[in-house]
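Quick notes on the structure that follows.
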Amino acid sequence: MHSSRLSALVVLAGLHLSASCSDTASLASTSSSDPNVEVRVQALLKKVKQSMRPLKGGSFEMGDWGNEDGVPYDFDAYSRPLHKVTLDGFSMMAYKVTFEDFDVFTDAVGKARIDMRERDLKDRAPKRPAGVSWYGAKAYCAWLAERSGLPFDLPTEAQWEYAARSGGRKVLFATDSGKIERGKNFPKKWIYGEKKPPVSDVGTYPPNPAGLFGMSEDTSEWVNDWFSEDYYKTSSVKNPSGPITGTKKVMRGSVGGTAEIAAMVFMRIGSDPQPMISTFPNGVTFEEVMIPFPEYSGFNVENFRCARNETTMKR
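Residue 253 in this note's numbering sits at position 194 of the sequence shown; the count goes up by one each step and never skips.
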């Protein structure tokens, strides 16, 4: 779904990865002096802590296990081979981070709010998942960790799949029933390839048995790992965290194709982690003019949630 991320008017920013990593690390200590913002920050921290869903550590077979005839579901080989993974306990946000949540973060650290252009406002409902770049997602989780003193971060790819499968259960979809039932636990209308497909508010449909909402729905989610097509061939068993380096980050959730394929719990794809910019033809010279979006901007279907990496949960 996001492998090319090309549009007639939108291209990705050619920023240096090392600089962005440095910005992410330093951002957490930045804070606003506005007392009203601090009240909102404290309310957000309380909400986040209450929304965490614990997952007991354990082992599972990660990847595409194929149908009854042994035929893989994934046309690509990215989700194979099936391999054993053992994870320590952790917890995951019940919901994707919303615009309402992300606004608290950008206001607190003095960054411009994302998606504030007039044409975007109709899609910018408070409870709608925020469309952000990987670096925006990473910065948000790092900021939560700094402000709360708790080990928040983006989930690893293995954590994400384990959580989507409610502790490693062998289910195809992260829904209440393990199946897609349109209009009941999945959007009634979902058309892959739409330039700006509709995105549901968080909590619109029932959660999976682990209490997590929207993990097989209508958008993709960033995870911490770099993407490699054949990483599963060399993945470690204990708490794998992906390749050491790369050019794309892994996205999970609805990642491309029809809903019945795209939303399967093991589907994975690599996507550029950088924020977006727009290019428009100059009216005089007809040369392309680059107009950056606010920092951390991503497509509306690029969402995320944070994990909390500790076995024993404390409120």
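Ideal Cβ placement from N, Cα and C applies to all residues, glycine included.
query: Under the three-state DSSP convention, the category Glu361 falls into; result: strand
query: Burial state of Asp128 (16 or more Cβ within 10 Å); result: exposed
query: Separation of Leu103 from Gly270, as counted between CA atoms; result: 19 Å
query: The stretch 197-208 contacting the stretch 151-164, beta-carbon criterion three pairs below 8 Å; result: yes
query: Per-residue DSSP class, three states only, for Ile320; result: helix
query: Contact belief for Phe245 with Tyr264 at Cβ below 8 Å, rounded distance in angstroms; result: 6 Å
query: Within 8 Å, strictly: CB atoms of Lys296 and Lys143; result: In the sequence as displayed, the identity of residue 296 is Val instead of Lys. Against a cut-off of 8 Å, the Cβ pair of Lys143 and Val296 comes out as a contact.
query: Lys170, DSSP secondary structure in three states; result: coil
query: As assigned by DSSP and simplified to three states, the class of Trp193; result: helix
query: Whole runs of the beta strand (DSSP E) within the stretch 103-158, excluding any shorter than 3 residues; result: 111-114, 117-121, 142-146, 149-152
query: Stretch-stretch touch, CB-based, cutoff 8 Å, three pairs: the stretch 231-246 with the stretch 188-201; result: no
query: Residue closest to Gln101, alpha-carbon to alpha-carbon, out of Glu276, Ser207, Asn368; result: Ser207
query: Contact set for Ser287: own chain, Cβ-Cβ below 7 Å, skip 5 residues either direction; result: Pro302, Gly305
query: Own chain partners of Met274 with C-beta closer than 6 Å, once the 5 adjacent residues on each side are dropped; result: Ala223, Ala233
query: Completely contained beta strand (DSSP E) runs for the stretch 262-291, where each covers 3 or more residues; result: 279-285
query: For Asp235, the three-state DSSP class (helix, strand or coil); result: coil
query: CB of Pro334 within 8 Å of CB of Glu354, strictly; result: yes
query: Inter-residue spacing [alpha-carbon to alpha-carbon] between Arg228 and Val324; result: 10 Å
query: Ala136 burial status per 10 Å Cβ neighbour count (16 or more: buried); result: exposed
query: Contact belief for Lys181 with Val261 at Cβ below 8 Å, rounded distance in angstroms; result: Not confirmed; about 18 Å, so no contact.
query: Identified DSSP bridge partners for Arg99; result: Beta-bridge pairing links Arg99 to no other residue.
query: Cβ-Cβ separation, Gly122 to Leu146 (assumed contact under 8 Å), whole Å; result: Not really, about 14 Å apart at Cβ, beyond 8 Å.
query: Phe211 (DSSP reduced to helix, strand or coil); result: strand
query: C-alpha gap between Leu76 and Trp193, whole angstroms; result: Residue placement at Leu76 is flagged as unreliable, the pLDDT there being 40, under the threshold of 50; the coordinate-derived value follows with that caveat. Going from the Cα of Leu76 to the Cα of Trp193 covers about 11 Å.
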